[in-house]
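**Q** Numbering (the numbering used here), first residue to last: 632 to 1000. Backbone N, C-alpha and C define an ideal beta-carbon position, used for all residues, glycine too. Below is one structure. I have some questions about it.
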């Protein structure tokens, strides 16, 4: 049930503060198990509470007026933490199925030639431009980046809990095709990175198993090695043969990678940080003042420092990275890399934040895959 509720509460027609109700439901439902959290999680929760307390003090000393529904957004980290602790494999499986539904909404938009079917969303006809970037669909979201981010979460959860699913090949094809149709360049890059790391891990483990058996060949392991080698070779040949076409699509025919206005946003944000190094924006969300209107920084780490200043940002990063380990790094690294060019995490609460916290603090997500 929680998996379906997570998908519902991540919909754009619900405000962020609506997650409070989901947090209340989780705390009531899992109160006993939350009371028995591990020592590591007690330490992490203590660090999070210290960070939140310091952020509120920072807010009190910096008069601003950007408080969503009267609730400081840093408090939402607590709800994210408790929801993440309550997730289990079944919840992850249900969430993946809802995300597959999201993928098919995108396919439907492609089939009727529009970028969005949402009422009130800015929609345009597909097929006018030759570049995939200009033919992106948005699914049930108002922009393709959110659509792609949710699809990537689905792929990450599927890869982590693959043993829970039937029709594994079909599910993977659907998710990969949907990510490609969203044409979020950052998500495509980290998807490739995720798959490379997964195949490398499987390849290395299979080779290690064969060597540990003193070269006595296990047919299953050998077939797996051959399959991975063939797949990687085919993909490499296709990329090399079509490199010019791929480059043209990624650069929209300009020959150089265009970052959709990010250099100006980053420049303004870094200037703001230099001028407000210790306290940032008083722990209120910072928005870069570009000519088209205020906008978030398109970089989760810059956003964090701009919001809170260096000291509080460092406390939060210690809270996050102190729980990265060899069991979760495979799934977290692509998220961390994507967050260099997108503000997908550290929002206070979002679907991506909840899954990030689950991999960091939830033992169900830290079992060896």
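1) Here's a check: name, in chain order, each residue in its chain whose Cβ is nearer than 7 Å to the Cβ of residue 682, leaving out the five neighbours to either side.
2) Taking 8 Å as the threshold, find out whether the segment 811 to 821 comes into contact with the segment 967 to 982 through three or more Cβ pairs.
3) Take the Cβ of residue 670 as the centre, count every other Cβ of all protein chains shown within 10 Å, and call the residue buried at 16 or more, exposed below.
4) Return the Cβ separation of residue 781 and residue 982 in integer angstroms, given the expectation that the two are a contact with Cβ distance under 8 Å.
5) Could you check the C-alpha separation between residue 766 and residue 736 for me, to the nearest Å?
6) Taking Cβ to Cβ, would you say residue 935 is nearer than 8 Å to residue 921?
7) Give me the Cα-Cα distance between residue 698 and residue 691, rounded to the nearest whole angstrom.
8) Put residue 926 into one of helix, strand or coil per three-state DSSP.
9) Based on the DSSP output, what are the partners of residue 921 in its beta bridges?
10) Measuring CA to CA, which of 909, 955, 904 and 892 is closest to residue 924?
11) Out of curiosity, what's the CA-to-CA distance linking residue 815 and residue 738?
12) Measuring alpha carbon to alpha carbon, tell me which of 788, 926 and 927 ends up nearest residue 961.
13) When you compare only the Cα positions, how much space is there between residue 840 and residue 933?
14) Output the distance between the C-alpha atoms of residue 700 and residue 646, rounded to the nearest integer angstrom.
15) Residue 867 to residue 804, Cα distance in whole Å?
16) Going straight from the alpha carbon of residue 984 to that of residue 976, what length do you get?
17) Just to confirm, is the Cβ distance from residue 675 to residue 954 under 8 Å?
18) Are there 16 or more other CB atoms within 10 angstroms of the CB of residue 801, so buried, or fewer, so exposed?
19) What three-state label does DSSP hand residue 831 in the structure shown?
20) Using CA coordinates, which residue listed in 770, 807 and 734 is at the minimum distance from residue 750?
21) So, helix, strand or coil for residue 665, using DSSP?
22) Between residue 908 and the rest of its own chain, which residues show a CB-CB distance below 7 Å, the 5 nearest in sequence each way excluded?
23) By the three-class DSSP mapping on this structure, what secondary structure does residue 803 have?
24) For residue 988 versus residue 715, is the C-beta distance shorter than 8 Å?
25) Between 813, 798 and 702, which has its C-alpha nearest residue 733's C-alpha?
**A** This is what the structure gives:
1) Result list for residue 682: 943, 946, 947 and 950, in chain order.
2) Segments in contact, yes.
3) Exposed is the call here.
4) At roughly 6 Å, the Cβ-Cβ gap stays under 8 Å, so residue 781 and residue 982 are in contact.
5) Approximately 15 Å between the Cα atoms of the pair.
6) The answer is no: Cβ separation not under 8 Å.
7) Low confidence applies to residue 698: its pLDDT is 46, below 50, so where it sits in the model is not reliable enough to give any reading.
8) Residue 926 falls in the strand class under three-state DSSP.
9) DSSP lists 924 as the beta-bridge partner residues of residue 921.
10) Ranked by how close their Cα comes to the Cα of residue 924, the residues 909, 955, 904 and 892 have 892 in first place.
11) Using only the alpha carbons, I get a separation of about 15 Å.
12) When each option's Cα is compared against that of residue 961, the closest is 788.
13) Cα to Cα, the separation comes out at about 43 Å.
14) The pLDDT assigned to residue 700 is 44, lower than 50, so where the model puts this residue is not dependable, and the model offers no usable value.
15) Note on geometry: alpha-carbon atoms of residue 867 and residue 804 lie some 18 Å from one another.
16) Taking the straight line joining both Cα atoms gives about 5 Å.
17) Yes.
18) Answer is exposed; the Cβ neighbour count stays below 16.
19) The answer is helix: DSSP assigns residue 831 an H, G or I state.
20) Cα-wise, what sits closest to residue 750 is 770.
21) In the structure shown, residue 665 sits in a helix (DSSP, three-state: H, G or I).
22) Contacts found: 940 and 941.
23) Correct three-state label for residue 803: helix.
24) Between residue 988 and residue 715, the gap from beta carbon to beta carbon is short of 8 Å.
25) Looking at the Cα atoms, 813 is the closest of the given residues.
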